[in-house]
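Student:
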Amino acid sequence: MVISFLTYRLLSILIGILYPLYQTYKSIKYQYYDQYQSLLCYWILFSLFQIYEFLFDQIISLIIPFYYELKLFFIFWLTYKNISQLLFYHFILIYLNKYENDIDYLFNNIINRLTELFLKFILLILNQQQTIKKIDQFENQGDHMRLKTNFAAQSRRLNFIQRK
Numbered sequence: 001m002v003i004s005f006l007t008y009r010l011l012s013i014l015i016g017i018l019y020p021l022y023q024t025y026k027s028i029k030y031q032y033y034d035q036y037q038s039l040l041c042y043w044i045l046f047s048l049f050q051i052y053e054f055l056f057d058q059i060i061s062l063i064i065p066f067y068y069e070l071k072l073f074f075i076f077w078l079t080y081k082n083i084s085q086l087l088f089y090h091f092i093l094i095y096l097n098k099y100e101n102d103i104d105y106l107f108n109n110i111i112n113r114l115t116e117l118f119l120k121f122i123l124l125i126l127n128q129q130q131t132i133k134k135i136d137q138f139e140n141q142g143d144h145m146r147l148k149t150n151f152a153a154q155s156r157r158l159n160f161i162q163r164k
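Everything in the sequence shown is counted per UniProt numbering, starting at 1 for the first residue and increasing by one.
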């Protein structure tokens, strides 16, 4: 490894995120419609690359020499004109077209289940807060009853003392 992981991360952020981010900003601001498609293809490929890094980075970095340098080269290569479009249309789009219905089904199921879990979690939190309020009310009533009991006991003692 010629470059360290931190150097790789810094360069990958500069080359892979900040530069395309600025290009995207400029194409939106100045309405460079001809760049939209290229930038969208880039962001799709970069997102897939991030998923790949998350899943396989630790294992493959041990196997392949100059791994970080190769990844930097790939990121730099993606930012070069029309490379991302070429890769997208010749590889990614074919796969997406073939499995589009399956991917839609998968994501719809995931979103529905996550929505269910989120709503159950919110209801659980709300129920806990209502339970806590009920406990507080019950404890406050208990304090009130203890005060009444203590007052009654003190009154009996006073009456007993006064009778003597």
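Here a beta-carbon is modelled for each residue, glycine too, at the ideal position from N, C-alpha and C. The structure displayed is predicted, hence computed values, not measured ones.
1) Looking only at its chain, what residues have a beta carbon closer than 8 angstroms to the beta carbon of Leu-72, apart from the 5 residues adjacent to it on each side?
2) State buried or exposed for Tyr-89, treating a residue as buried only when at least 16 other CB atoms are found within 10 Å of its CB.
3) Given 8 angstroms as the limit, is there contact between the region 106-122 and the region 43-57, that is, 3 or more CB pairs closer than that?
4) Count the other CB atoms within 10 Å of the CB of Ser-47; is the residue buried (16 or more) or exposed (fewer)?
5) Beta-carbon separation of Leu-78 and Ser-84 under 7 angstroms?
6) Rounded to the nearest angstrom, what separates Tyr-30 and Thr-24 at their Cα positions?
7) Work out the CA separation of Leu-39 and Ile-20 for me, nearest whole Å.
8) Does Leu-40 come within less than 7 angstroms of chain B when only Cβ atoms are used?
9) State buried or exposed for Leu-119, treating a residue as buried only when at least 16 other CB atoms are found within 10 Å of its CB.
10) Tyr-105: buried (16+ other C-beta within 10 angstroms of its C-beta) or exposed?
11) One question on the structure: do Leu-87 and Leu-45 come within less than 7 angstroms of each other, judged by their Cβ atoms?
12) With DSSP run on the structure shown, which of helix, strand or coil describes Asn-82?
13) Would you kindly check if the distance between the Cβ of Ser-27 and the Cβ of Gln-35 is under 7 angstroms?
Tutor: This is what the structure gives:
1) Counting from one through the sequence shown, the residue named residue 72 turns up at place 72. Annotation for Leu-72: Ile-3, Tyr-8, Leu-11, Ser-12 and Ile-15 place their beta carbon closer than 8 angstroms to its own, counting only its chain and skipping 5 residues before and after.
2) Start at 1 with the first residue of the sequence shown, and residue 89 comes out as number 89. Exposed, because fewer than 16 other Cβ atoms sit within 10 Å of the Cβ of Tyr-89.
3) With a cut-off of 8 angstroms, the region 43-57 and the region 106-122 do not count as touching, because too few Cβ pairs lie within range.
4) In the sequence shown, counting from the first residue as 1, residue 47 sits at position 47. Here Ser-47 is exposed, its C-beta having fewer than 16 other C-beta atoms within 10 Å.
5) Reading the sequence shown from its first residue, position 78 is the one you call residue 78. Reading the sequence shown from its first residue, position 84 is the one you call residue 84. Closer than 7 angstroms, so yes.
6) Here residue 30 is taken as the residue at index 30 of the sequence shown, counted from 1. Here residue 24 is taken as the residue at index 24 of the sequence shown, counted from 1. If you take the alpha carbons of Tyr-30 and Thr-24, they lie about 10 angstroms apart.
7) Residue numbering aside, residue 20 sits at position 20 when the sequence shown is read from its first letter. Residue numbering aside, residue 39 sits at position 39 when the sequence shown is read from its first letter. One detail in the question is off: residue 20 reads as Pro in this sequence, not Ile. Pro-20 and Leu-39: Cα-Cα distance of roughly 7 angstroms.
8) Within the model displayed, chain B is absent; a lone protein chain is all it includes.
9) In the sequence shown, residue 119 corresponds to position 119, counting from 1. Leu-119 is exposed by the Cβ-count criterion.
10) For the purposes of this step, residue 105 is taken as residue 105 along the sequence shown, with counting starting at 1. Exposed, since its Cβ has fewer than 16 Cβ neighbours within 10 Å.
11) Along the sequence shown, read from residue 1 onward, the residue named residue 87 stands at position 87. Along the sequence shown, read from residue 1 onward, the residue named residue 45 stands at position 45. At the C-beta level, Leu-87 and Leu-45 come within 7 angstroms of one another.
12) To locate residue 82, count along the sequence shown from 1; it is residue 82. In the structure shown, the three-state DSSP call for Asn-82 is coil.
13) Residue numbering aside, residue 35 sits at position 35 when the sequence shown is read from its first letter. Residue numbering aside, residue 27 sits at position 27 when the sequence shown is read from its first letter. Result yes, Cβ atoms of Gln-35 and Ser-27 sit closer than 7 angstroms.
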